[in-house]
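Take a look at the structure below.
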Amino acid sequence: MKFFLLGLLFVTSAFASNDLSHRPKSFLTSSGKAVFVDFTTADYTINYDITSRRAVATAMIKFFAPEAGMPIFDSYADPSFVVLNGQNVSSFSTKTPGRETTLRVVNQNVAVGNHTLSVTVPLTTLVDYVDGGVKSAFWASDLDDRRFLERYMPANFEFDQVKMTLTLNFLGAKTIQNVYTNGVVEEVKAGTYKINYPAHYTSSSIFFHTTPASSVVETRYSLKSIDGREIPVVIYVTKSASAATALDQMKAAATDVFQELERDYGAWPHPSLTIYNAGSGGMEYCGATMTSVSAVGHEMFHSYFARGVMPANGNTGWLDEALASWRDKGYQSISVLSGTSMMSNRLYYTRHTDYSAYSFGERFMSYMDNKLSSKGGLKPFMRHMVENRRFAPLFVEEFIQEMSQFYGVSLEDDFKKYTFGTKNKFDYNKSMQTVPHMHQKLSLEQLQELL
Ligand SMILES: [Zn+2]
């Protein structure tokens, strides 16, 4: 027991130190100093009042402030209540110094140390009341600002690993609700569910979708991992005449991809696999995706790179899109690369990924693979990263350092030349296009269709 506890403490502090070393810098606002803090736990409750067609989300957050100042959090929706250490307080939204993103600041200074923050927001985005129940999802995107968990509930920036729980109360539901998520779901009592998520999750990790059971069809089976585990899989699709075919097609595709990825990068990094065959769109989560048959390879790859080896900020996210696109195009090698990009070098607080990742980023990886071909190319290093650096958000600078160490040669100049430029300047030509394009930018109306 003692050893177990020690192990647990070590794991907790490992997350905390990674969080603190990846925390963005504080900055001055007209009201005082805004500081990024380390969320340690966040317990969320959503009450879906199906009769009155309203939903409210409350976050109970425990955080550590490593410096004094006004704590930063984010929520796309205006909070209706903010309570800091038991006191009602206000918050305001502000742009970061370079105006690259918007966030919220609690209008109250805290001292260095542990604090509690409770934030209540209305949940109206991607919520639809149908058939005596509710459809609700946290569809995310890394191609636009403020499109992770903060779009739906109060959350921190992507650098922060937070032990999260989510309790769902379906009040007045006249139907059975299915809950699809990449955490452990427990039905506490009729109409109430509690979900526990792994402690390494960040604001970009959670897949969450609830829908009346009558509106979907699902298949459940397991895949045998190379490490001996039986990985439980659920694939589901909206009910239609072609649903059975859609499930079969996805099952075949996902099984092929699972085996391919395990061959290349080792055992599936997550305890389960959840796939919503939405037929369009496409986004990755930890061991889960909303996708189509043609994009499922790309999205499952992201369970290794993006939601396995995780980016700590928007200037790092291009790595996983470039690597995924490199795979999509058949792992090409090229000896010449012209042009440059600023994929690693956008404004400091940028949260989303540069679009060039799919085109120039893919070419850059093809170029690096060729450059390192005498040492086996890029794949051995990718496998090394999955084994050694997964579930700890990192900066692009750390990726470069790790890569240079792995190959025993400095690769800094290549990354500088091609990814730390001051603009994106390269020829878009047919060979550079990544087809099919995996992450379409979807409007809220389009996302609503995928509930
Ligand atoms: Zn992608």
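Taken in order, the sequence shown gives residues -16 to -1, 1 to 435; the numbers are from mature numbering (1 follows the signal peptide of the UniProt record, and there is no 0).
Glycine included, each C-beta is placed from N, C-alpha and C at the ideal position.
Counting C-beta pairs with one atom in each stretch, the stretch 94 to 107 and the stretch 39 to 58 have three or more that are closer than 8 Å, which means they touch. Note on Gln145: 16 or more other CB atoms within 10 angstroms of its CB, so buried under the neighbour-count rule. It is roughly 14 Å from the alpha-carbon of Gly167 to the alpha-carbon of Ala121. Around Met349, the same chain offers Ala306, Leu307, Trp310, Leu362 as residues with beta carbons nearer than 7 Å, after the five sequence neighbours per side are excluded. Here DSSP, grouped into helix, strand and coil, assigns Val393 to coil. Unbroken alpha helix (DSSP H) runs of no fewer than 4 residues, entirely contained in the stretch 209 to 241, are not found. Counted as a single uninterrupted DSSP element, the alpha helix (DSSP H) harbouring His282 occupies residues 280 to 285.
Per the coordinates, the alpha-carbon of Ser209 lies some 35 Å from the alpha-carbon of Arg130.
In the displayed model, Asn91 falls within coil according to three-state DSSP, outside both helix and strand.
For Met148, the beta-bridge partners assigned by DSSP are Ala26. Checking the 7 Å criterion, the Cβ of Ala308 is within range of a heavy atom belonging to ligand 1. Membership of Pro364 in the alpha helix (DSSP H) is indicated by the continuous run 363 to 372. If you look at Glu429, you'll find it in the alpha helix (DSSP H) that goes 428 to 433. Look at the beta carbons and you see the stretch 100 to 113 not touching the stretch 248 to 267: under three pairs across the two are nearer than 8 Å. Thr195 has its alpha-carbon roughly 4 Å from the corresponding atom of Lys119.
In this structure, Glu142 has its beta carbon at no less than 7 Å from each heavy atom of ligand 1.
Glu305 has its CB nearer than 7 Å to a heavy atom of ligand 1.
Between the alpha carbons of Val114 and Ser77 lies a gap of roughly 33 Å. Judged by DSSP secondary structure, Tyr177 falls within the beta strand (DSSP E) whose first and last residues are 176 to 180. When the five nearest sequence neighbours on each side are left out, the beta carbons in the same chain lying within less than 6 Å of the beta carbon of Tyr351 are those of Ile318, Leu321, in order along the chain. Shown here for Gly281: same chain residues with a beta carbon closer than 6 Å to its own, the five before and five after excluded, namely Val241 in chain order.
When rounded, the separation of the alpha-carbon atoms in Phe141 and Phe132 is 9 Å.
A check of alpha carbon separations from Tyr60 across Gln71, Gly53, Ser75, Val67 identifies Ser75 as the nearest. DSSP places Glu142 outside both helix and strand once states are collapsed to three, so it counts as coil. The continuous alpha helix (DSSP H) containing Glu346 extends over residues 344 to 355. A straight-line Cα-Cα distance of about 15 Å links Thr403 and Asn297. In this structure, ligand 1 has no non-hydrogen atom nearer than 7 Å to the beta-carbon of Met274. Out of Ala227, Pro138, Ile34, the CA that lies nearest to the CA of Tyr260 is found in Ala227.
Only exposed fits Asn180, as fewer than 16 other CB atoms lie within 10 angstroms of its CB. Going by C-alpha positions, Asn72 is about 9 Å away from Ser102. In the DSSP assignment, Leu378 is bridged to Pro295. About 4 Å separates the Cβ atoms of Met294 and Pro377, confirming a contact at the 8 Å cut-off. Shown here, Met327 sits in coil according to DSSP, grouped into three states, outside any helix or strand. Residue state for Leu321 is assigned as coil, using DSSP reduced to three classes.
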